[in-house]
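**Q** Here it is, the structure, as structure tokens.
Right, here's the structure in full:
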């Protein structure tokens, strides 16, 4: 895992001689405001006024990105005793008349806090397109790239002058086929790369996050201020989007450096780590909670594409679902206990579902025609099961939900207007959600 | 050795996939564990009757000829006895919390072994968690009473008895084989071969595969294992069609042979059986790449002698007691659409004449 | 007699001078311009104005020789009085060794992908780099290059580097097929492994496995002549299954081509590897060659004359020089990616074929075309980069950066500098689909010692900071700075900002030097240096 050192103790705060030095750079516009030279994470909260500011007004979101597509039969929409139900049984939950797969005993006890949609109905059955659709909310319209949900939420609800990255992707898996290609793409789209995620997790422990010892604090700041001066000039004269993205990346360096400890799994309490479970996905889900508590706005947690079980469906789901079950349970319970659940939306979702029939290779294949997902908190009403599939799970029987309605619901829950347009120059009019999609009232608090 | 050849003589379908099967001594009846229950199939008549169900898939079936019974195990962790004549259920034992992956009957029909184990996340890299219930259980074949609970690491996917029933061997997800003495309950041998297990580097950072079939050679000196060779992307299912032969009685068990170069394609192998004359063995499973999914091998030299491409995944391959025929069961992919309102049958049963010249 | 005004005389002279210089070489350029201008008209857009000579020289050095020009090279060009000085510069650059190295850098990444450090060592050691550089130095025809790489049977020792394309893939025949398709045919076929391509359904599973089949008798071997890829005369027959379980025998075929017939043994039949199935290799010591060689069949029956070979190459060259392919992304020329200028693409491909797959000629005509010579500031009322109505900014590749930083600091460069390895890791992209900077690049430049050390180690009297410090006035100093790094004079504001900053060091010599080093850092990491514009 990450092996960086923690920043040195006694790092500078306001009032030091460093501050005086920085005043020399006022010509270069180096410092945004007063004591914003945050040299250490500890320093941030040692200034009470600043600490108050960074405490959230807005909502936050954790997206458990179940890439590869989990089977709805083995999770939220079991069909025990049918030809398509598979070998696992169903169990009762604390919602009368509602059952989930036997692989989810913990979530069964908190169904009053969860909202489950069983009637997802979308088009793409191929991973890249499915991931694209379910993380951006709309089909692509080249050459424009719609921002990922996390980028929109970071832009709308995040705090740009917070040193903590507002949108974090935790995914320790370097590979992942279609998801790998997706991770290499343009996430922030027309919002600009400053709203793209900071990626961490596993070996992605953010290299070069600490200032080199041979470079003084002052030189580090001063030269960045100079760089920014030249780059801004170029960016404006050239109307250069490429330069804008480039400069935006630099804007985040200082802040990111100050929160290096947040990205160290080893700094999380041992008891919590044991409670969430040892697997990489579970550990990073815990880290997501930690990041949200400490100032991030949107954390997306993945671990490659383990759910794509064309081969060994039940052999894999028997391990993956219980882990998800525990993670979701721990997250929702933790947030609830800390009084954060009302303001934190947790989504557990993949890019589609899996086929009712088992293929020849002991697997289930892709199935966008009828699938499930779950949400909790952050303006979503708990104890709701929305929509239904038919007896064998082949088609949606009631209340189909597509990406538009889902995103309308998510945005509304978070306090973002789905019908508002992006107000950006040189861009055709795009709305947060296109068409006339109405948020699903029964899912909202 | 003579060159064996196979010619199909019987083939018919049953409603759902056959996951495990056993032949009656007269080779006319086949007990089948199917996705929708337990069946007795009449090979000549090419028909099958359902005699019982499990709460979900039935995975293994065997004859207890001395009791005139068929015994089955399933993903509900239950073992059931059925009377062959009346087809009634005689007994059921709730043996495991999790599913029975495989079941074996000792040759003297005194013991039944069933293996279980849910793969759960036990570490950062998704190493399996230790067992929460006994992974290997041996019960008395007549009463269902538990004789032995033996410890292993989940998921334990294959089990078999030696020729006298003195030993029982079980293999798991991680390629670990444990052999116990059934009289003394002592662990007689234990080793791990990594060659059947993948850690899904590309998509799925966890373990997959493992040993899916295990058989003693007739002299009990060696153990045959079958499964699929390692893959970077297990979702491709393109591991090598693989068997290995191990000398298990040595201080350090040693691999003495495995699928020969150029003689295997790709796909999961899940059944092994030794010919009654002890010269050949069969391995079967799925064709993912290559040109066969069932093959006969020379037990002594390991050379591949004959191949079949059946067009469906083979889950059980058995020789008749007189060694003249090979019986295969298996499954196609589950059908998606009913034809005229009825879902087509997708379980497969086939009989091949085996001639050697 | 009519008195022709002097100006008109001059004009006539110019016109006739220009006319005298209109060679066959200008007609293709005019064709390119025509197709592009036509689309501007149809879209009713006003393109950007032409780029100045000062901007042009930096741009064309970066695009053709992979680095910024030295101040002397810049001055030489700007002092050139000839009207067609750009043409001369382009011809000069294309004939230079630096050009061969730069294009070898690009094509090494495009054909082989970024590798580990070990791979780069091996690519040099086994002459792949040298061979690739020779391709561009000698301007070898592209169809010949493809043939050599895919056949991988060198006919002379100096061509032995060509085997490395196959060899580095370590007998992974699927990886080989997945590399050949984009490298030579401009299409990606990975999706067609388990089923027909879901989006571009013309790419079928049998094409994927067909391509694999052409190469699955090949096997790496070490000979006394070096690494070779030998080929068996038997084997390689199998079936491939789709997700429903249906299996199909693999035949020798590929997209856009027919099936190469080959007798197929029965399932049980064991083929015998007999000596009479082989002939001796051309080079003594090389492995024997099958009489029926699948690789050779691929080259002669499939690749030779395959329409995608030319089409893919011209599209890629267009992407390299104009920042975006006519089909974008450049290696996805399938039915789901329409060309922005279909007639232009057709014409370029045909012209390339007719020219004998002349790479240098193609690069030359693109670089001398009107779209290439446009300013890089996006004009009002246009936002679609596919119109090529302005020069598309693109980031420098790791190699361009590594060379350019050295040129800025030292006035010269070494291709073996450790900076190459460090920058390759942080900036691995060549021809990225989108231009956006991720934070790890900013972190690297801000905190990794690589660039800082490069600057602080540059202390020779001829290096930039020492030379700056030799000068007296801030104006002179900052002028040298920006001329060297950006290729332009500084503005008044820039002079005062920098001077102000350096002055804060007072009389402290080491502190002054450190200030200048930070200034140099700031310029080398600024957007203006980072991008080709």
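Residue numbers (this note's numbering), protein chains in the order written: chain X, 316 to 760; chain G, 31 to 387; chain U, 150 to 682.
We treat Cβ as the ideally placed atom computed from N, Cα and C, and that holds for glycine.
So residue 329/G and residue 314/G are supposed to be a Cβ contact under 8 Å. How far apart are they, rounded?
**A** No, residue 329/G and residue 314/G are not in contact; Cβ-Cβ is about 16 Å, not under 8 Å.
**Q** Say whether the stretch 422-435 of chain U touches the stretch 463-478 of chain U, bearing in mind that this needs 3 or more beta-carbon pairs closer than 8 Å, one atom from each stretch.
**A** No: the two stretches stay apart, fewer than three of their Cβ pairs being nearer than 8 Å.
**Q** Quick one: which residues of the stretch 320-349 of chain G get their C-beta closer than 8 Å to a C-beta of chain U? List them in chain order.
**A** Those residues of the stretch 320-349 of chain G that come within reach of chain U (Cβ to Cβ, closer than 8 Å) are 320, 321, 322, 336, 337, 339, 341, 342 and 343.
**Q** Quick check on the burial criterion: 16 or more other C-beta atoms within 10 angstroms. Buried or exposed for residue 544/X?
**A** So residue 544/X counts as buried.
**Q** Mind pulling the chain X residues with CB within less than 9 Å of residue 544/U?
**A** By Cβ distance, chain X contributes 557 and 561.
**Q** Judging by CA-CA distance, which residue of 188/U, 180/U, 193/U and 197/U is the nearest neighbour of residue 524/U?
**A** Ranking the options by Cα distance to residue 524/U, first place goes to 197/U.
**Q** Tell me, which residues are paired with residue 62/G by DSSP?
**A** According to DSSP, residue 62/G bridges with 51/G and 69/G.
**Q** Comparing C-alpha positions only, which one of 363/U, 506/U, 301/U and 182/U sits nearest to residue 450/U?
**A** For the residues 363/U, 506/U, 301/U and 182/U, the minimum Cα distance to residue 450/U belongs to 363/U.
**Q** On the DSSP letters alone, give me the boundaries of the alpha helix (DSSP H) that residue 609/X sits inside.
**A** No alpha helix (DSSP H) holds residue 609/X; DSSP gives it neither H nor E.
**Q** Short of 7 Å in beta carbon distance, which residues of its chain neighbour residue 127/G, apart from the five on each side in sequence? Order them along the chain.
**A** Answer for residue 127/G: 107 and 163, listed in chain order.
**Q** In the stretch 595-609 of chain X, which residues sit with their C-beta less than 9 Å from some C-beta in chain G, listed in chain order?
**A** Flagged, chain order: 595, 596, 597 and 598.
**Q** Quick one: what does DSSP say residue 285/U is sitting in, helix, strand or coil?
**A** Here residue 285/U sits in helix by DSSP.
**Q** Grab the span of the beta strand (DSSP E) containing residue 311/G for me, first residue to last.
**A** Looking at the DSSP string, the run of the beta strand (DSSP E) that includes residue 311/G is 310-315.
**Q** So is residue 650/U in contact with chain X if we call contact Cβ pairs under 8 Å?
**A** With 8 Å as the cut-off, residue 650/U counts as an interface residue toward chain X.
**Q** Compile a chain-ordered list of the residues in the stretch 392-404 of chain U whose CB is closer than 7 Å to at least one CB of chain G.
**A** Taking 7 Å as the Cβ-Cβ cut-off against chain G, the residues of the stretch 392-404 of chain U that qualify are 393, 394 and 396.
**Q** How should residue 561/U be labelled, buried or exposed, when 16 other C-beta atoms within 10 angstroms of its C-beta is the threshold for buried?
**A** Residue 561/U is exposed by the Cβ-count criterion.
**Q** If you check the beta carbons only, do residue 545/U and residue 211/U fall under 8 Å apart?
**A** Yes, the Cβ-Cβ distance between residue 545/U and residue 211/U is below 8 Å.
**Q** What residues in the stretch 357-368 of chain G bring their beta carbon closer than 8 Å to a beta carbon of chain U?
**A** For the stretch 357-368 of chain G, which is checked against every Cβ of chain U, the residues closer than 8 Å are 362 and 363.
**Q** Determine, for residue 422/U, whether the minimum Cβ-Cβ distance to residues of chain G falls below 8 Å.
**A** Closer than 8 Å: no.
**Q** So, with DSSP's three-state summary, where would you put residue 499/X?
**A** Three-state DSSP puts residue 499/X in coil, outside helix and strand.
**Q** With 8 Å set as the bound, which would you pick, yes or no: does the beta-carbon of residue 512/U sit closer than that to a beta-carbon of chain X?
**A** Output row for residue 512/U: interface = no.
**Q** Give me the Cα-Cα distance between residue 424/X and residue 408/X, rounded to the nearest whole angstrom.
**A** Roughly 6 Å separates the two Cα atoms.
**Q** Using only CA atoms, which one of 338/U, 614/U, 513/U and 599/U lies nearest to residue 551/U?
**A** Of 338/U, 614/U, 513/U and 599/U, the residue nearest in Cα terms is 599/U.
**Q** Does the beta-carbon distance from residue 374/X to residue 659/X come in below 8 Å?
**A** Going by C-beta atoms, residue 374/X is nearer than 8 Å to residue 659/X.
**Q** Per the contact definition of three or more C-beta pairs closer than 8 Å, is the stretch 252-259 of chain G in contact with the stretch 271-286 of chain G?
**A** At 8 Å Cβ cutoff, the stretches touch.
**Q** Just to confirm my understanding: we take residue 704/X, look at its own chain, exclude 5 residues before and 5 after, and list those with CB closer than 7 Å. What are they?
**A** 392, 433, 434, 685, 710, 711 and 712.
**Q** What three-state label does DSSP hand residue 538/U in the structure shown?
**A** Here residue 538/U sits in coil by DSSP.
**Q** Which value, in whole angstroms, describes the spacing of the CA atoms of residue 657/X and residue 732/X?
**A** Their Cα atoms are separated by approximately 18 Å.
**Q** How far does the alpha helix (DSSP H) with residue 281/G in it reach, from first residue to last?
**A** Here residue 281/G belongs to no alpha helix (DSSP H), and DSSP marks it neither H nor E.
**Q** Determine the burial state of residue 459/X: buried for a count of at least 16 other Cβ atoms within 10 Å of its Cβ, exposed for fewer.
**A** Exposed: under 16 other Cβ atoms inside 10 Å.
**Q** Distance cutoff 8 Å, beta carbons only. Does residue 262/G sit that close to anything in chain U?
**A** No, its Cβ sits nowhere closer than 8 Å to a Cβ of chain U.
**Q** With distances taken between CB atoms, is the gap from residue 182/G to residue 193/G smaller than 8 Å?
**A** No, these two residues do not count as a Cβ contact at 8 Å.
**Q** Just checking: is the beta-carbon of residue 362/U within a distance shorter than 8 Å of some beta-carbon in chain G?
**A** No, no contact with chain G.
**Q** Can you list, in chain order, the residues of its chain whose CB lies under 7 Å from that of residue 510/U, leaving out five sequence neighbours each side?
**A** Here the set comprises 504.
**Q** Going straight from the alpha carbon of residue 201/U to that of residue 488/X, what length do you get?
**A** Roughly 47 Å separates the two Cα atoms.
**Q** So which residues on chain X does residue 663/U lean against when the C-beta distance must stay under 7 Å?
**A** 534, listed in chain order.
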